[in-house]
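J.:
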Amino acid sequence: MAVLVTGGAGYIGSHTCIELLESNHEVIIVDNLCNSDKIVVDRIKELSGKAPKFYEIDITNKKDLEIVFKENKIDSIIHFAALKAVGESVNMPVEYYSNNLISTLVLFELMKKYDIKKFVFSSSATVYGDPHVCPILEDFPLSVTNPYGRTKLIIEDMLRDICYADKSLDVAILRYFNPIGAHKSGKIGEEPNGVPNNIMPYITKIAVGKLPHLNVFGDDYDTPDGSGVRDYIHVLDLAHGHVKALEKLSEKPGLVTYNLGTGKGYSVIELVKAFSEANNIEIPYKIAPRREGDIATCYADPSKAEKELGWKAKYTIEEMCQDSWRWQSNNPDGYKNGK
Ligand code: NAD
Ligand code: WQD
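UniProt numbering numbers the first residue of the sequence shown as 1 and each following residue consecutively.
(1) If I follow the unbroken alpha helix (DSSP H) through glycine 310, where does it start and stop?
(2) What three-state label does DSSP hand aspartate 139 in the structure shown?
(3) Hey, leucine 249 and alanine 172 are a contact pair by Cβ (cut 8 Å); roughly how many whole angstroms apart?
(4) Are three or more beta carbon pairs between the stretch 222-241 and the stretch 305-325 nearer than 8 Å?
(5) When the distance is taken between beta carbons, is tyrosine 148 closer than 8 Å to residue 402?
(6) Note the first and the last residue of the continuous beta strand (DSSP E) segment covering histidine 132.
(7) Measuring CB to CB, does valine 40 end up less than 8 Å from isoleucine 188?
(8) Could you check whether methionine 1 and aspartate 115 sit closer than 8 Å to each other, using their CB atoms as the reference points?
(9) Please return the same chain residues whose Cβ sits closer than 6 Å to the Cβ of leucine 4, not counting the five positions on each side in sequence.
(10) Can you tell me which residues form a DSSP beta bridge with threonine 60?
(11) Would you grab the beta carbon distance between tyrosine 97 and arginine 175 for me? Rounded to a whole angstrom, and I think it's under 8 Å.
(12) Could you pull out every unbroken beta strand (DSSP E) segment of at least 3 residues lying fully inside the stretch 165-222, listed in chain order?
(13) Comparing alpha-carbon positions, which option in Val133, Phe54, Ala81, Asp37 lies nearest glutamate 71?
(14) Going by beta carbon distance, what residues of the same chain come within less than 7 Å of alanine 93, once the five residues before and after it are set aside?
(15) Which residue marks the beginning of the alpha helix (DSSP H) containing leucine 21, and which one marks its end?
(16) Could you tell me which of Leu211, Glu308, Tyr285, Leu271 sits nearest to glutamate 251, measuring between CA atoms?
(17) Measuring straight from C-alpha to C-alpha, what distance separates lysine 184 and threonine 204?
(18) Should isoleucine 59 be listed as close to ligand 1, given that the test is whether its C-beta is under 7 Å from any heavy atom?
(19) Can you give me the Cβ contacts of serine 303 inside the same chain, cut-off strictly under 8 Å, excluding the 5 residues immediately before and after it?
(20) Only counting the same chain, and skipping five residues up and downstream in sequence, which positions put a Cβ closer than 7 Å to that of serine 168?
(21) For lysine 152, count neighbouring C-beta atoms within 10 Å of its own C-beta (all shown protein chains included) and say buried if the count is 16 or more, exposed if not.
(22) Take the Cβ of alanine 305 as the centre, count every other Cβ of all protein chains shown within 10 Å, and call the residue buried at 16 or more, exposed below.
(23) Does at least one heavy atom of ligand 1 sit under 7 Å from the Cβ of valine 30?
(24) According to DSSP, histidine 79 sits in a beta bridge with which residue or residues?
(25) Going by C-alpha distance, which of Val68, Gly241, Ala182, Ile295 is nearest valine 30?
(26) Inspect the beta-carbon positions of residue 363 and glycine 186 and report whether they are closer than 8 Å.
(27) Does the Cβ-Cβ distance between asparagine 61 and leucine 83 come in under 8 Å?
(28) Considering only residues of the same chain and omitting the five flanking positions on each side of isoleucine 281, which have a CB-CB separation below 8 Å?
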């Protein structure tokens with residue numbers, strides 16, 4: 001099928017495009033490259049052996065985006081494009097609401113106009129707020145604490161309204177836990193702008209000598225070693241989850257929601273140890289105060305996705321750490337001057 005992938009040059013989108021092309025789907029990427037690089041599109045082609053179509057377009061611009069709908073017979077949409085930094089969203093709420101919500105509304109309007117029925121949305125475990133218990137099930141109460149998270153919850157709510165009004169739509173909301181890792185080739189991976197907020201890019205920047213040590217944000221949480229516990233999932237498992245969800249959409253009409261996680265939590269200190277052991281590199285760390293807005297523990301119950309999609313995360317924490325490092329060590333400056 002012909003799949004329109006918004007944000008397809010980004011971290012999760014690029015890995016998903018490879019998986020889609022390898023599964024013989026046609027891929028049309030739209031990305032304004034605000035957090036990615038054109039070289040990613042070349043690497044997608046190199047790694048999959050097939051060329052995606054690429055449009056450098058800001059999808060908040062309906063006129064520009066409509067050209068893509070006119071030029072292609074699109075069967076389905078995977079919508080990754082968004083601004084995604086939690087801290088930044090607190091300081092720049094207007095930019096976050098504007099980019100993430102307008103782009104999605106423009107897509108919904110064009111989807112309706114061009115009669116496209118299948119839609120997969122990148123949501124986040126952030127919509128569970130501070131869960132009362134773990135593992136987290138899809139029907140847990142939803143709440144958010146920052147503008148980024150609110151854009152995800154608003155879009156989820158819009159999708160629930162849209163699917164209620166139009167029973168012919170097939171929509172999957174995928175709630176990712178903490179994506180890390182990179183393609184096995186070491187040619188594509190995560191490259192945040194500036195100092196990373198997320199833990200794995202921070203660790204790999206230490207390993208490559210660009211940052212001195214990790215600040216472990218809190219050692220007094222109610223967790224086995226006091227540091228925060230998260231469900232880290234390999235980006236390749238996530239990519240596979242998207243293809244599975246897309247291919248099952250017609251079998252599961254209406255709106256479906258899945259957690260994409262491993263079901264296992266690792267603490268910050270366990271992750272640091274796993275990285276050191278997997279790659280034989282010491283990661284110095286210091287205990288620092290808790291980061292505002294963080295929660296103690298967050299991990300998924302992924303059994304619904306396993307039962308209904310036949311999808312299960314398969315990569316170990318060791319592979320996630322090795323693959324993150326292979327990407328960063330091959331590309332110390334990200335896509336600038338990378339191999
Ligand atoms: P990313 O920043 O690497 O990818 C997003 C892509 O969207 C980028 O290439 C960016 O250039 C593009 N983009 C943003 N706004 C655009 C616009 N208006 N028009 C066209 N392109 C635009 O992020 P990612 O980590 O790959 O995340 C992909 C999706 O998954 C996002 O929706 C994000 O919110 C969601 N998500 C990410 C995580 C995570 O930790 N990485 C966790 C849960 C959910
Ligand atoms: C993981 C753990 C930190 C950095 C965020 C978003 C979430 C989703 C994924 C998009 C926590 C600790 C981190 C550091 C640390 N993104 N940490 N030192 O906060 O679980 O989730 O990314 O949807 O919405 O909130 O991920 O990687 O920032 O943190 O100790 O320098 O590492 O406190 O326990 P988080 P993270």
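For each residue, glycine too, the CB sits at the ideal point set by N, CA and C.
T.: If we stick to the structure as given:
(1) First-last for glycine 310: undefined, no H or E at that position.
(2) Here aspartate 139 sits in coil by DSSP.
(3) Yes, leucine 249 and alanine 172 are in contact; Cβ-Cβ is about 6 Å, under 8 Å.
(4) Short answer: they touch.
(5) The structure shown has nothing for residue 402, since the chain only spans 1 to 339.
(6) Histidine 132 -> no beta strand (DSSP E), and no H or E assigned at all.
(7) Yes; because the gap between Cβ atoms is below 8 Å, this pair is in contact.
(8) Not a contact, by the Cβ cut-off of 8 Å.
(9) Taking leucine 4 as the centre and dropping the five residues before and after it, the same chain places the C-beta of Ile28, Ile74, Ile77 closer than 6 Å to its C-beta, in chain order.
(10) Threonine 60 pairs with nothing; no bridge assigned.
(11) Contact between tyrosine 97 and arginine 175 does not hold, since their C-beta atoms are separated by about 20 Å, which reaches or exceeds 8 Å.
(12) Entirely contained in the stretch 165-222, the beta strand (DSSP E) runs reaching 3 residues are, in chain order, 170-176, 178-180, 214-217.
(13) When each option's Cα is compared against that of glutamate 71, the closest is Phe54.
(14) The sequence as given places proline at residue 93; alanine does not occur at that position. Same-chain partners within the cutoff: Pro147.
(15) It spans 11-22 - the alpha helix (DSSP H) in which leucine 21 sits, taken as one unbroken run.
(16) Nearest C-alpha to glutamate 251: Glu308.
(17) Looking at the two C-alpha atoms, the distance is approximately 16 Å.
(18) Flag set: Cβ of isoleucine 59 near ligand 1.
(19) Apart from the 5 residues on each side of it in sequence, serine 303 sits with its Cβ closer than 8 Å to the Cβ of Gly263 in its chain, given in chain order.
(20) If we look at serine 168 and ignore the five residues flanking it on each side, its Cβ neighbours are Lys117.
(21) So lysine 152 counts as buried.
(22) Counting every other CB atom within 10 Å of its CB across the protein chains shown gives alanine 305 a total of 16 or more, marking it as buried.
(23) Because some heavy atom of ligand 1 lies under 7 Å away, the Cβ of valine 30 counts as near it: yes.
(24) Residue pairing from DSSP places histidine 79 in a beta bridge opposite Thr6, Phe121.
(25) It is Val68.
(26) The question about residue 363 has no answer, for the chain in this structure spans 1 to 339.
(27) Pairing asparagine 61 with leucine 83 gives a Cβ-Cβ distance that is not under 8 Å.
(28) Same-chain partners within the cutoff: Ala207, Phe275, Trp325.
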